[in-house]
Amino acid sequence: MDTTQRTDQQRSADRRRRELLEAADRVVLRDGPQASMNAIAAEAGITKPILYRHFGDKGGLYAALAKRHTDALLDSLRAALDAPAARRERVEATLDTYLAAIELRPQVYRFLMHPAEGAPSGDPGFDTGKHSVPLLRQMGEELAQVIEDRLDLGPGGQQLARVWGHGIVGMMHAAGDWWLGERPCSRAELVRSLADLLWGRLAAAGDKVGGPGF
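This is the structure in structure tokens:
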């Protein structure tokens, strides 16, 4: 098999994988955490064995969907952090970006972060519980790196940046989960309240010399 043929086959496989992920997305938007392999295969017009051939198992498909949505969210969060604005405005914009994402596609959020309940017998939903913690930890590490690169936290700054990064992500996740379920206030009110909670130490820390600034 020559290089051109291998490249064409890889492109075809990549295109087919994208099509299957788009079919899975449609099912997730409809069914949330109860999205099943049966439903996704039916949406894609294929059998479950073919779906398994592309992703290995439910965990493989979940991981591919999680990466698809997490990468998009992380790109949006980075853009909010890099926007030309005062630090307080960028903190609020970053919080709002996360909350806006889960508000826009709540079924996707529930699929990524909540185990399925009441799934059909013989075709259970995805076991998302074991996957959601690594996603949150990835976001925590990403934010920790941003903080370390941009703020002068003094001795022990790397460890403190990780504490802050994971703490902020945990706060966003817990507060956003509660807010999405109960809607006790507007998104803008929640953003202001969370920013107030964070602002003391973030306001006091100076920018790292030679860094991009926070």
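Just so we're aligned: the sequence shown equals residues 13 to 226 in the working numbering.
All residues carry an ideal CB built from backbone N, CA and C; glycine is no exception.
Which partner residues does residue i have in the DSSP bridge list?
| i | result |
| --- | --- |
| G218 | D164 |
Does residue i come out as helix, strand or coil in the three-state DSSP assignment?
| i | result |
| --- | --- |
| Q224 | The question names Gln, yet the displayed sequence has Pro at residue 224. Coil, per DSSP. |
| T109 | helix |
| R174 | helix |
| G68 | coil |
| H126 | coil |
| R80 | helix |
| S205 | helix |
| P118 | helix |
| G212 | helix |
| I62 | helix |
| G57 | coil |
| S144 | helix |
| S198 | coil |
| P96 | coil |
| A24 | First, the amino acid is wrong: residue 24 is Ser here, not Ala. Here S24 sits in helix by DSSP. |
| A36 | helix |
| S133 | Note that S133 scores 49 on pLDDT, short of 50, meaning its location in the model is unreliable; the coordinates nonetheless yield the value given after this. It is coil, neither helix nor strand. |
Taking only the alpha-carbon atoms, compute the straight-line gap between residue i and residue j and give it to the nearest angstrom.
| i | j | result |
| --- | --- | --- |
| I58 | H66 | 12 angstroms |
| P51 | V39 | Per the sequence shown, the amino acid found at residue 51 is Ala instead of Pro. Looking at the two C-alpha atoms, the distance is approximately 7 angstroms. |
| P96 | A207 | 18 angstroms |
| H178 | P146 | 12 angstroms |
| R199 | L214 | 21 angstroms |
| D20 | G212 | 55 angstroms |
| G68 | Q22 | 17 angstroms |
| V158 | P61 | 42 angstroms |
| K79 | G72 | 11 angstroms |
| A75 | E194 | 28 angstroms |
| G169 | R100 | 21 angstroms |
| A186 | E31 | 33 angstroms |
| R27 | S48 | 22 angstroms |
Residue i: which of the options sits nearest, CA to CA?
| i | options | result |
| --- | --- | --- |
| G223 | D164, A215, M183 and P96 | D164 |
| L86 | A187, L124 and Q150 | Q150 |
| A173 | R162, G182 and M183 | R162 |
| E104 | D219, A216, S205 and V221 | S205 |
| G44 | A35, V175, R99 and R122 | R122 |
| A217 | E160, L192, W190 and M183 | E160 |
| G182 | G152, L63, R195 and G168 | G152 |
| K70 | R99, Q46 and V158 | Q46 |
| I180 | K220, A75, K79 and L89 | L89 |
| H81 | S144, R27 and M49 | S144 |
| P167 | E31, P196, A75 and K220 | K220 |
Measure the Cβ-Cβ separation of residue i and residue j and say whether it is below 9 angstroms.
| i | j | result |
| --- | --- | --- |
| L209 | L111 | no |
| Q119 | L41 | yes |
| W176 | L155 | yes |
| D37 | L93 | no |
| I114 | L63 | no |
| D83 | M125 | no |
| E102 | F226 | The question names Glu, but residue 102 in the sequence shown is Arg. Yes. |
| T5 | A91 | Within the shown structure, residues of the chain are numbered from 13 to 226, placing residue 5 beyond reach of any answer. |
| H25 | E55 | The amino acid occupying residue 25 in the given sequence is Ala; His does not appear at that position. No. Outside cutoff. |
| L107 | M184 | yes |
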